Each structure stands twice: as structure tokens, then as C-alpha cells.
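*Asks:* Numbering (mature numbering (1 follows the signal peptide of the UniProt record, and there is no 0)), first residue to last: -22 to -1, 1 to 120.
Every residue gets a Cβ at the ideal spot worked out from N, C-alpha and C, and that includes glycine.
Predicted, not measured: the structure shown is a model, and the values here were computed from it.
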Amino acid sequence: MIYKTLLAGVIAILLAGCSSQAERIAACEAQGVSRDACYISEQNRTNTINAAAETQALQNAAHAVQFAQAAKKTSQHYSGYGVDVKRDSLGIVTVDGKPAALIEDEPKAKVYSQGLLTVIFYTSGKVALLRENQFVGYLKKA
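1. Looking at the structure shown, is TYR116 part of a helix, part of a strand, or coil, going by DSSP?
2. Looking at C-alpha atoms only, which residue of ILE81, ALA(-1) and THR33 is the closest neighbour of ILE18?
3. Between ASN28 and GLN37, what straight-line distance do the alpha-carbon atoms span, to the nearest angstrom?
4. Measure the C-alpha to C-alpha separation of ALA4 and ASN22 and round it to an integer number of angstroms.
5. Apart from the five residues on each side of it in sequence, which residues of its chain come closer than 8 Å, Cβ to Cβ, to LEU94?
6. Where do the N-terminal and C-terminal ends of the alpha helix (DSSP H) with TYR17 fall, by residue?
7. How many Å lie between GLU32 and HIS41 at the Cα?
8. To the nearest angstrom, report how far apart LYS86 and VAL97 are at their CA atoms.
9. Can you tell me whether ALA15 is buried or exposed, with buried defined as 16 or more other CB within 10 angstroms of its CB?
10. Near ASP66, which residues of its chain fall below 6 Å by C-beta distance, leaving aside the five closest residues on each side in sequence?
11. Between the C-alpha atoms of residue 122 and THR26, what's the straight-line distance to the nearest angstrom?
12. Please go through the same chain and pick out, in chain order, the residues whose beta-carbon is closer than 7 Å to the beta-carbon of TYR56, but skip the five residues on each side of it.
13. Quick one: using the 10 Å Cβ neighbour count with 16 as the cut-off for buried, is VAL11 buried or exposed?
14. What is the DSSP secondary structure of LEU108, counted as helix, strand or coil?
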């Protein structure tokens, strides 16, 4: 019972700060301003709030995270020199079925290591293979 009374009190306090359009126009008229001027100021207030909401909605839409786009990516499979390298849609790289660790992340390349093998994914699309830090060659899409 006390909980309901407390909840009703909180709601009443929160709603006490709200005012309707009619209340705002009446308060404006009480200050001696004409009804037309009060109505125009109320319309401007409403338009300003709507414009701000629209601007915020457009900004939110421009920076929306689109998880569906990531779902469309397919895994990439490269092979050569007796090695199979796969990169899935999440960016997880496996070398011969074993997960590889990201050891270097540069603007032009990402370098992964798995055991004695190092795989370099260049942003140009090439994939290089190194064995014991010695260049072996470029892998081809399988």
C-alpha cells in the first residue's frame, strides 16, 4: 500500500512540471501579450522542437551501426605453398584450421601469426605468406 502511495506521489510530482499548449498561451496572455503573438510564439516553439528532433534523427541514421551488412560478407579462402588460410566475416583468420593471432595492425596491412607461419593481408587484396620470417610468396584465392 505504501509503495502505491509513493508511486502515485512521484508521478504527481513529475507531471506537475508539465504544461500544455493552452497553459503556455494563457500564461503568455497573462503577461499582457496579444493572443496572436502568443500563438505564433507557441508555433515557433513547436517547430523548433520538431526541427531539433528531425536533425537528431538524421544524425542518428547517418551513424547507424548496420549489423546486416556484416552478415552479407562471405569468408575468404586463400591457398598455396601447402597452406590454407581462411578469413571469416568477423575477421577471424585460421591457418590450416588453427586460429592465427593478430600481431600487427597497420593502415595498409594486417599481420597474423600462427606457429612458424606469418600471413599478411594487404588492403590492396594481396595475401603474403612468410615461413620463419622468410618470404615464401603470395597466396591465391581458392
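*Replies:* Once the coordinates are examined:
1. Residue mapping note: residue 116 aligns to position 138 of the sequence shown, counting from 1. TYR116 falls in the strand class under three-state DSSP.
2. Start at 1 with the first residue of the sequence shown, and residue 18 comes out as number 40. The shortest C-alpha separation from ILE18 is found at ALA(-1).
3. What you label residue 28 is simply residue 50 of the sequence shown in a count that begins at 1. What you label residue 37 is simply residue 59 of the sequence shown in a count that begins at 1. Those two C-alpha atoms are separated by around 14 Å.
4. Looking up residue 4 in the sequence shown gives position 26. Looking up residue 22 in the sequence shown gives position 44. When rounded, the distance between both Cα atoms is 16 Å.
5. Taking the first residue of the sequence shown as position 1, residue 94 is located at position 116. The answer, listed in chain order, is ARG109 and GLU110.
6. In the sequence shown, the residue the question calls residue 17 occupies position 39. Run containing TYR17: 13 to 40, per the alpha helix (DSSP H) assignment.
7. Numbered from its first residue, the sequence shown carries residue 32 at position 54. Numbered from its first residue, the sequence shown carries residue 41 at position 63. Whole-angstrom Cα-Cα distance: 14 Å.
8. Along the sequence shown, read from residue 1 onward, the residue named residue 86 stands at position 108. Along the sequence shown, read from residue 1 onward, the residue named residue 97 stands at position 119. Distance between the alpha carbons of LYS86 and VAL97: 14 Å.
9. Numbered from its first residue, the sequence shown carries residue 15 at position 37. The residue is exposed, with fewer than 16 neighbouring Cβ atoms inside 10 Å.
10. Here residue 66 is taken as the residue at index 88 of the sequence shown, counted from 1. Taken in chain order, the residues that qualify are SER53.
11. The chain is shown only over -22 to 120; residue 122 falls outside these bounds and no answer can be derived.
12. Within the sequence shown, numbered from 1, the residue matching residue 56 stands at position 78. Only VAL63, VAL105, LEU117, LYS118, LYS119 and ALA120 meet the Cβ criterion.
13. The count along the sequence shown starts at 1 and reaches residue 11 at position 33. By the 10 Å Cβ count, VAL11 comes out exposed.
14. For the purposes of this step, residue 108 is identified with residue 130 of the sequence shown, where counting begins at 1. DSSP places LEU108 in strand when its eight states are reduced to three.
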